[in-house]
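Trainee: Under the numbering used here, the first residue of the sequence shown is numbered 579, with each subsequent residue one higher.
Where is the CB? At the ideal position from N, CA and C, for every residue including glycine.
For clarity, every value in this text was computed on a predicted model and none was experimentally measured.
Pasting a structure below so you can have a look.
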Amino acid sequence: ILLVAASAVLLFSIGQRLVSPAAGLVAALLFVVNPSTVFYSITIMSDILFIFLLVLATYLLFFSPPRPSRGGRIRRSFSEGGYAALAAGTALGAATLVRPIAMFLPLVFAAFLVLQERRVLTPKKLMIVIVALFVGYGAIILPWAVRNRQGSGVWSLSSIGSFNFFHYNVPQWLSYRDNVSTETVRAS
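Following this line, the structure appears as structure tokens:
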């Protein structure tokens, strides 16, 4: 329930910055009263954690406000957003550990960064921000990939793709090819 509330606050802030405070409020309320959000918030599953991490990464990378410096001047340190990109990469890495489908999201976020910030940041600063995103992502993902390499001999984040392929897709194809039931194929 706390992650739903935190996600709603982040969605409100994103909607407020994109459109208006009213739009942010509507987005947050629709998220909170969505039946699937209510259901998954009271069950122990990975959906709400994944949503929170994804919304957090989006907020950090694209909508986090710059911090005022000691002199009162507003600036973004670490070459205009590197700290936020590092934190966003860490959130994306954690989201990938929760759901491996997120493994390519850093590439999507980097593409959006290039499209959004190319007029604001110099190419050098933009590269620093993108590298910070991938460093944060790698800091979370790399230890898990090393652990999987040591445990199974394969550099991977998850075996769910192989599991689904061999336990669901191949038996379906063999049952179609041999004109037998899927249960018969799985039993053999």
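1) Would you mind listing the alpha helix (DSSP H) stretches within the region 657-734 that are 4+ residues and don't spill past its ends, in chain order?
2) For the structure I just gave you, are there three or more beta carbon pairs, one from the region 703-715 and one from the region 664-674, closer than 8 Å?
3) Once you ignore the five residues that flank S655 on each side, which residues in its own chain have a CB closer than 7 Å to its CB?
4) If you draw a straight line from the alpha carbon of A680 to that of L634, how long is it in whole angstroms?
5) According to DSSP, is N612 part of a helix, a strand, or is it coil?
6) Mapping DSSP to helix, strand and coil, what is P643?
7) Quick one: measure Cβ to Cβ for L581 and F630, integer angstroms, because I've assumed they're closer than 8 Å.
8) Between the beta-carbon of G659 and the beta-carbon of V616, is there less than 9 Å?
9) Please state the DSSP three-state secondary structure of I620.
10) Skipping 5 residues on each side, what residues in its chain have a beta carbon closer than 8 Å to that of L589?
11) Using a Cβ-Cβ cutoff of less than 6 Å, which residues in the same chain neighbour L683 once the five nearest sequence positions on both sides are dropped?
12) Grab me the residues of A584's own chain with a C-beta within less than 7 Å of its C-beta, minus the 5 sequence neighbours each way, in chain order.
13) Quick one: Cα of S657 to Cα of S591, how far?
14) Around the C-beta of L691, are 16 or more other C-beta atoms found within 10 angstroms, so that it is buried, or is it exposed?
15) For a test of the three-state rule: what should DSSP assign to I579, helix, strand or coil?
16) Leaving out five residues before and five after I719 in sequence, what residues of the same chain have Cβ atoms less than 7 Å from its Cβ?
17) Using the C-alpha atoms, what's the distance from V676 back to M623?
18) What first and last residue would you give for the alpha helix (DSSP H) that runs through S753?
19) Measuring only between beta-carbons, confirm whether V604 sits less than 9 Å from chain C.
Mentor: On the basis of the coordinates in this document:
1) 683-695, 701-730
2) yes
3) Low local confidence applies: a pLDDT of 49 at S655 is under 50, so the model's placement there is unreliable, with the coordinate-based value given in what follows. Once the five neighbours on either side are set aside, the close Cβ partners of S655 are Y661.
4) 14 Å
5) coil
6) coil
7) 4 Å
8) no
9) coil
10) G602, A605, A606, F609, V633
11) L670
12) F630.
13) In this predicted model, S657 has a pLDDT of only 48, less than 50, meaning its place in the structure is not dependable; the value taken from the coordinates is given anyway. Straight-line Cα distance between these residues: approximately 24 Å.
14) Buried is the call here.
15) coil
16) G671, T674, L735
17) 10 Å
18) If you look at S753, you'll find it in the alpha helix (DSSP H) that goes 748-756.
19) Absent here is chain C; the protein component of the structure consists of one chain.
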